[in-house]
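Colleague: Heads up, the sequence shown is in full-length UniProt numbering, so the first residue is 1 and it goes up one at a time.
I'd like to ask some things about the structure below.
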Amino acid sequence: MGKSVFRFLSRQPDTPELVSETHVLRLPQNSDYKKWLRLRSDSRAFLQPWEPIWRSDELTESAFRARVFRAAQEYASGLAVPLLLFRRDDMALLGGLTIGYIRRGAAQSCMIGYWMGEQHSGQGHMLAALQMAIPYIYGGLQLHRIEAACIPDNWKSIRLLEKAGFEREGLLRKYLKINGEWRDHLMFSRLPEDGEFAKMLQR
């Protein structure tokens with residue numbers, strides 16, 4: 001792939017930050033609230049079909065502060081790495097990507113999930129985020145398997161995962177309660193030897 005499209009900056013144990021020429025992935029901070037509120041509010045109708053029903057206090061500042069605290073706890077405990085995605089040149093908030101359900105021992109695996117603000121959708125931002133996160137998962141977190149679950153009619157997400165080198169494995173029946181209904185999901189997975197990232201990691 002030529003020169004690596006990402007690099008790690010100041011990735012201390014309490015502050016993971018992934019930075020490329022165009023994007024930044026980092027843990028949420030309390031100061032992100034106004035950007036997050038605006039993006040989530042403007043994108044509600046766009047996001048709701050693919051997410052659990054939002055709580056009545058979903059967009060409040062207190063709920064966001066609790067989310068920030070929980071993200072720091074989950075990272076510190078090694079359970080998850082919940083990241084927000086920013087455009088690097090102006091630090092506009094674009095969406096989020098969570099590396100969750102981290103399992104050690106014999107599994108050495110995780111599950112990824114992501115969301116994108118409506119006005120930024122379809123512009124390649126989430127593919128760029130995956131291009132940053134995947135090497136970090138294999139190299140930084142030392143995990144072996146990345147999983148992702150996707151509703152079968154979410155063709156945009158399916159196409160994204162396929163572009164990022166994920167393989168379709170099967171159907172999970174009524175796997176998650178999404179927008180008030182138990183929905184089937186397709187299971188995708190990615191291993192270190194899959195796709196172009198394998199070549200990059202070998203360099």
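Backbone N, C-alpha and C define an ideal beta-carbon position, used for all residues, glycine too.
(1) Starting from E74 and walking both ways along the alpha helix (DSSP H), at which residues does that stretch end?
(2) Give the DSSP-derived three-state secondary structure of W182 in the structure shown.
(3) My guess is that L191 and H144 are in contact by the Cβ rule of under 8 Å, so how many angstroms apart are they, rounded?
(4) Select from R38, P28, I146, S56 the residue whose C-alpha is nearest the C-alpha of E118.
(5) Quick one: residues in its chain with C-beta nearer than 8 Å to the C-beta of A164, no 5 flanking neighbours on either side, listed in chain order?
(6) How many Å lie between Y33 and S121 at the Cα?
(7) Using the Cβ count rule (16 or more neighbours within 10 Å means buried), how would you classify A52?
(8) What does the alpha-carbon distance come out to for the pair S56 and V19?
(9) Since Y75 contacts G96 with CB under 8 Å, what's their CB separation in whole angstroms?
(10) Suppose the cutoff is 7 Å on Cβ atoms and the five residues either side in sequence are ignored; what does the same chain contact list for L172 look like?
(11) List the DSSP bridge partners of G100.
(12) From which residue to which residue does the alpha helix (DSSP H) around R26 run?
(13) Per DSSP, what kind of secondary structure is A149 in: helix, strand or coil?
(14) Which residues bound the beta strand (DSSP E) around R87?
(15) How many whole angstroms separate the CB atoms of I178 and W54, which I take to be in contact at a CB cut-off of 8 Å?
(16) Can you tell me whether E58 is helix, strand or coil according to DSSP?
(17) Taking the alpha helix (DSSP H) that L130 falls in, what are its first and last residues?
(18) For E193, collect the residues of the same chain with a Cβ closer than 8 Å to its Cβ; drop the 5 residues on either side in sequence, then sort them by chain order.
(19) Can you check DSSP and say which residues form a bridge with E193?
(20) Please list, in chain order, all residues of the same chain as F166 whose beta carbon is under 8 Å from its beta carbon, the five residues on each side excluded.
Modeller: Considering the structure as presented:
(1) Run containing E74: 61-76, per the alpha helix (DSSP H) assignment.
(2) Three-state DSSP puts W182 in a strand.
(3) That belief holds up - the Cβ atoms of L191 and H144 are roughly 7 Å apart, short of 8 Å.
(4) Here the closest residue by C-alpha is R38.
(5) Here the set comprises L127, L130, Q131, I134, R190, G195.
(6) Approximately 20 Å, taken between the alpha carbons.
(7) The sequence shown places Pro at residue 52, not Ala. With fewer than 16 Cβ atoms within 10 Å of its Cβ, P52 is classed as exposed.
(8) Put simply, the backbone Cα of S56 is about 34 Å away from that of V19.
(9) About 14 Å separates the two Cβ atoms, so there is no contact after all.
(10) Contacts found: A149, D184, H185, M187.
(11) DSSP output for G100 lists M111 as bridge partner(s).
(12) Note, R26: premise wrong, no alpha helix (DSSP H); beta strand (DSSP E) at 23-26.
(13) Strand, per DSSP.
(14) Looking at the DSSP string, the run of the beta strand (DSSP E) that includes R87 is 81-87.
(15) 12 Å between Cβ atoms; not a contact.
(16) Three-state DSSP puts E58 in coil, outside helix and strand.
(17) First-last of the alpha helix (DSSP H) with L130: 125-135.
(18) Excluding sequence neighbours, E193 sits near nothing in its chain.
(19) DSSP output for E193 lists no bridge partner at all.
(20) Its chain contains I146, A148, F188, S189, R190, D194 as the residues whose beta carbon lies nearer than 8 Å to that of F166, once the 5 sequence neighbours on both sides are disregarded; these appear in chain order.
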